[in-house]
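Student:
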Amino acid sequence: MKKVAVIMGSDSDLPSVKGAISRLIKFGVPYEVHVFSAHRTPAAAEKFASSAADNGFGVIIAAAGKAAHLAGVLAAYTVLPVIGLPIKSSFMDGLDSLLSMVQMPTGIPVATVGVGAADNAGILAVQLLALEDDGLREKLYAFKRQMADEVLEKDRKMQLEVFE
């Protein structure tokens, strides 16, 4: 199975990516976590992204706040899918980070989830890997069924409460 790289622009972003890591663990997907800065360590980011496919990665999650150029820098140096995870910052509540990730030039796409949506970044990474992995796809179907069952159970309980 291919690995997922979870790359942060700063070690202070670790709490913001834990949801993605948790999802990868729950689905049994191997992962690595690294810190690379688009601005302070661009050569290291380039080296990682350029060799990611050869090193067994299938997807990269790039989490950054403020200027949030990390996802775009990584995407420029790989053909792997890159998922941008904008981090909420003190400036504009992360809107600046979101826009930095979604407004990429033609040819350098970054699939981007919502600000702080680490769980969705992890699930999207699993979905991308599941394109080539039937076992992972079955785990996703089970996950979706479980979510549906939980909502239906909540509805059942609410109906009992409302009509009693």
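Counting in the working numbering, the sequence shown runs from 1113 upward without gaps. Beta carbons are placed, not taken as given, at the ideal position from N, Cα and C, and that holds for glycine. Remember, predicted model here, so these are calculated numbers, not experimental data.
Could you tell me the alpha carbon to alpha carbon distance between V1238 and I1172, rounded to whole angstroms?
Tutor: So the alpha carbons of these two residues sit roughly 11 Å apart.
Student: Assign P1198 to one of two classes, buried (16 or more other C-beta atoms within 10 Å of its C-beta) or exposed (fewer than that).
Tutor: P1198 comes out buried.
Student: Buried or exposed: which applies to K1266, given that a residue is buried once 16 or more other Cβ atoms fall within 10 Å of its Cβ?
Tutor: Classification of K1266: exposed, given that the 10 Å Cβ count is below 16.
Student: Just mark T1218 as buried or exposed, buried being the case when its beta carbon has 16 or more other beta carbons within 10 Å.
Tutor: With fewer than 16 other Cβ atoms within 10 Å, it is exposed.
Student: Determine the direct distance from the alpha carbon of T1190 to that of A1161, and round the result to whole angstroms.
Tutor: Each residue's Cα considered, the two are about 5 Å apart.
Student: Consult DSSP for F1169 and reduce its assignment to one of helix, strand or coil.
Tutor: DSSP places F1169 in strand when its eight states are reduced to three.
Student: Tell me the residue span of the beta strand (DSSP E) that contains L1197.
Tutor: Note, L1197: beta strand (DSSP E), 1194–1198.
Student: For A1117, tell me which candidate among K1130, G1140, H1146, S1124 has the shortest Cα-Cα distance.
Tutor: It is H1146 whose Cα lies nearest to the Cα of A1117.
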